[in-house]
Amino acid sequence: MSVQNINVALIGNPNTGKTSVFNQLTGLNQQVGNYPGITVEKKMGFCKLPNNVKANILDLPGTYSLNASSMDESVVIELLLNKNDKLYPDVAVVVTDVENLKRNLLIYTQIKDLEIPTILVINMSDQMERKGISLDIPYLEEKLKTKIALVSSRKGLGINALKELIVSYKTLPNEPCLNASVIDPEYFEKLKHAFPNQLIYKLWLVITQDVNFSNLDRNEIRNTFTKSNSELKRLQQKETIKRYQFINDVLKEGLKVDASMAKDVRAKLDRVLTHKIWGYAIFFAILFLIFQSIFSWSAIPMDFIDSTFASLSSWAAEELPSGILTDLLSQGIIPGIGGVIIFIPQIAFLFLFISILEESGYMSRVVFLMDKIMRRFGLSGKSVVPLISGTACAIPAIMATRNIENWKERLITILVTPFTTCSARLPVYAIIISLVVPSQRVFGILNLQGLTLMFLYVLGFATAILSAYILNKVLKLQSKTYFVVEMPSYKLPLFKNVGINVVEKTKAFVVGAGKIILAISIILWFLASYGPGKEFNEAETIVKERFANTTLDEAQFENEVASQKLENSYIGLMGRAIEPAIEPLGYDWKIGIALISSFAAREVFVGTLATIYSVGDTENETTIKSKMQAEIHPETGEKVFNFATGISLLLFYAFAMQCASTLAITKKETNSWKWPAMQLVFMSGLAYFSALIAYQLLN
Amino acid sequence: MFQEIIAFAILGFAVAFLIRKFFWKSKKKKDCGNGTDCGCS
């Protein structure tokens, strides 16, 4: 029996648990690349269903209605109106929250009117008893002309029943909920007459939205059936009122809420968590706890990984047949891979905490809380989501700005988001902090290294909003704005969702960044192991001549030869070429190489230094950290990574725009090279001068 | 000799990978939304 493939679209308002339903249906069979919290674009997964049916599940961005006001909402409409799209759904699954059924049903009625087979999922059924809610499912099914799956995506209840309904989607009634003609009978009659083979509600959406469908051109229809924009808006409002009248009538009988039975603590919690003083205090306390934990808890696994890779390098050097491949393995590839793997614990812990905050419903309170502050700096409360998700990666965070309706606010958010400390900065911060900030306790309990890390995250965030303030004053773009945010119920985080998120994000770092780091480590090793001219090729003779009158033991001689070779290797020449520009910042030519190689992706910094110090290492230092710790400046005789250089480097990486992919996505989202060029110049300038000032003051 | 051939082949793969990553414009992949690899961490 052959496998039947069907497309299933998950649609619904934000915060209805749509992504949890998606996770329940697909498990780890997902192709995702989204930022935490909100689905920015389409997300695909697959699920095997009974009767040999394989469902391609599509998780669409949360949308309140089919009247799009932002870019991510347009994604839903474009798909539903385009039957030729290979992802066009065979069946739509509209996910609603039992507590917000009235509002959530608006989009359901619109999709029904497109005559797509539609299943209604009423989620969070486990909350019904606690909230005093009861539903008359047969009545609702009859009135809403569909089949209903009552599920709890958190507890995995009702998922099998939903799968059964998806399999039998062909038996679902196709009748619309609302006769579209009631919006304007005369106008719709003319439309029907002109396009007898087209669905009337689809035509209406094509007229009112920025989309085309089938072979019909939107402007062609609009020109034929002229109506002013204000008239169209008025009719849209009329449509919404008609739909809510229908929903009210249905819910009057189908939904009962007994307030006396509700044991709700939400209001009490909200009063504290969004309080004008306590709200901020609690938010900062939570941030503080997160960064303390990241440093304390990940120290043991990180040390273990570091020493394991150091042993592996030594083993390869000693046991494998000597030659160029063995050297490449022990000095280039193994330290390169180690430079990626070592940061898995910290990244996993960071996403563990972020996922828990989102899953619990607390993140929406943070968005609400920060809106008041954000507005003063020319941003929207919605900018908080990209800024927070920028802690993972600036690229999906910049894409997440698509749900900001106001162009000026969106542009400013795009420009300042790269200041947020992304996970690629974390390896740089972690290694530098552990080198230059003592691991001591403040007030007996606070870890100084953890405090420094938290300071850097706050610094990134503060720089982002200060830059936004400047941009708000400088950019002469006028537009009005409003802010609406959904406050989901508080929930205990679901282990499965948190787990999937942590695995996804950590995997994205290891696989995505890891491949780049490894490739650059390999190239760097070659550039550090080969060089032009006799300064490199005759290094031994030159050292012998230089120390002709001095007695050197074998180890000292090898050390001098290795230094001579590295300094005159291809990479050494590159590093020395930029040394005059970076010397005032406290960096030597080796750090200069790391700055060059990490221009495309900043996470390459640590791997680069690990490779360079492995090539030049004659002291037999093993771990990355000990190699960096042992590095001595040949002229001053002082440690290269001292306090002044460390702080200078931390500030440089906090501000510098060292991510080619971010520049590319900024160009894509703003449709101009002007804005990424401005980002690059402003951020690099700020990085250089702040690092310069810090080093000159501290040295 | 054998080690050199393998080592330089690895170098070739590394260079080709980075060129493809940063300079090759893929027509198929539009952005981060549909893939696991954003080109960043």
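Protein chains in written order, with the numbering used here: chain A, 1 to 699; chain B, 1 to 41. Glycine is no exception: its CB is placed at the ideal position from the N, C-alpha and C atoms. Remember, it's a predicted structure, so these values are computed and weren't measured experimentally.
Given residue i as reference, the closest of the options once Cα atoms are compared
i	options	result
residue 62 of chain A	A:8, A:543, A:85 and A:14	A:14
residue 663 of chain A	A:677, A:202 and A:650	A:677
residue 167 of chain A	A:195, A:93 and A:183	A:93
residue 560 of chain A	A:573, A:571 and A:545	A:545
residue 445 of chain A	A:569, A:579, A:586 and A:292	A:292
residue 503 of chain A	A:388, A:251 and A:345	A:345
residue 269 of chain A	A:19, A:491 and A:233	A:491
residue 603 of chain A	A:409, A:509 and A:231	A:509
residue 343 of chain A	A:472, A:698, A:274 and A:300	A:300
residue 494 of chain A	A:468, A:412, A:56 and A:19	A:19
residue 26 of chain A	A:57, A:471 and A:5	A:57
residue 631 of chain A	A:436, A:690 and A:465	A:436
residue 79 of chain A	A:97, A:104 and A:111	A:111
residue 60 of chain A	A:283, A:48 and A:17	A:17
residue 680 of chain A	A:693, A:692, A:340 and A:666	A:666
residue 52 of chain A	A:179, A:164, A:365 and A:288	A:164
residue 365 of chain A	A:283, A:46, A:465 and A:309	A:283
residue 275 of chain A	A:341, A:197 and A:372	A:372
residue 290 of chain A	A:241, A:131 and A:454	A:454
residue 694 of chain A	A:298, A:628, A:642 and A:660	A:642
residue 9 of chain A	A:668, A:660 and A:55	A:55
residue 173 of chain A	A:120, A:473, A:572 and A:131	A:120
residue 412 of chain A	A:669, A:547 and A:634	A:669
residue 239 of chain A	A:85, A:474, A:184 and A:426	A:184
residue 294 of chain A	A:349, A:316, A:659 and A:247	A:349
Proximity test, residue i beta-carbon vs the ligand NAD heavy atom, cut-off 7 Å
i	result
residue 242 of chain A	Although the ligand NAD was asked about, the structure shown includes no ligands whatsoever.
Cβ distance (whole Å) where residue i is taken to contact residue j below 8 Å
i	j	result
residue 639 of chain A	residue 431 of chain A	Their Cβ separation, rounded to whole angstroms, is 14 Å, which puts residue 639 of chain A and residue 431 of chain A out of contact at 8 Å.
residue 21 of chain A	residue 153 of chain A	5 Å
residue 428 of chain A	residue 653 of chain A	5 Å
residue 117 of chain A	residue 90 of chain A	7 Å
residue 332 of chain A	residue 525 of chain A	3 Å
residue 569 of chain A	residue 529 of chain A	7 Å
residue 7 of chain A	residue 87 of chain A	6 Å
residue 515 of chain A	residue 17 of chain B	7 Å
residue 369 of chain A	residue 280 of chain A	7 Å
residue 206 of chain A	residue 81 of chain A	7 Å
residue 496 of chain A	residue 23 of chain A	6 Å
Segments assigned alpha helix (DSSP H), at least 4 residues, entirely inside the region 289-352 of chain A: 324-327 and 334-341
Contained alpha helix (DSSP H) runs [length at least 4] in the region 393-441 of chain A, N- to C-terminal order: 394-399, 407-416 and 425-436
Inside the region 579-617 of chain A only - beta strand (DSSP E) runs reaching at least 3 residues: none
Against chain B: residues of the region 524-556 of chain A by CB proximity under 8 Å: 526
Cβ contact (3+ pairs, closer than 8 Å) linking the region 632-647 of chain A and the region 358-374 of chain A: no
The region 578-594 of chain A contacting the region 603-613 of chain A, beta-carbon criterion three pairs below 8 Å: yes
Cβ pair count under 8 Å reaching 3, the region 334-349 of chain A against the region 376-385 of chain A: no
Three CB pairs or more closer than 8 Å across the region 447-461 of chain A and the region 419-439 of chain A: yes
The region 198-208 of chain A contacting the region 141-153 of chain A, beta-carbon criterion three pairs below 8 Å: no
Length-filtered (3 minimum) beta strand (DSSP E) runs lying within the region 41-106 of chain A: 43-49, 53-59 and 91-97
The region 577-584 of chain A in contact with the region 531-544 of chain A per 3-pair CB rule at 8 Å: no
The region 242-260 of chain A touching the region 132-142 of chain A, judged by at least three CB pairs closer than 8 Å: yes
Validate contact between the region 512-519 of chain A and the region 305-325 of chain A using beta carbons, cut 8 Å, 3 pairs: no
Completely contained alpha helix (DSSP H) runs for the region 142-203 of chain A, where each covers 4 or more residues: 159-167 and 185-194
Meets three-Cβ-pair contact criterion under 8 Å: the region 680-692 of chain A and the region 432-441 of chain A: no
Contacting positions in the region 293-326 of chain A - beta carbon closer than 8 Å to chain B: 321, 323, 324, 325 and 326
Residues of the region 328-357 of chain A with Cβ closer than 7 Å to any Cβ of chain B, in chain order: 328
Against chain B: residues of the region 578-592 of chain A by CB proximity under 9 Å: none
Interface residues of the region 511-522 of chain A facing chain B [CB-CB below 8 Å]: 511, 512, 513, 515, 516, 518, 519, 520 and 522
4-residue-minimum alpha helix (DSSP H) runs that sit fully inside the region 365-396 of chain A, ordered along the chain: 384-389
Residues of the region 644-671 of chain A with Cβ closer than 8 Å to any Cβ of chain B, in chain order: 659, 660, 661, 662, 664, 665 and 668
3-residue-minimum beta strand (DSSP E) runs that sit fully inside the region 619-677 of chain A, ordered along the chain: none
Continuous alpha helix (DSSP H) assignments of at least 4 residues falling wholly in the region 107-131 of chain A: 128-131
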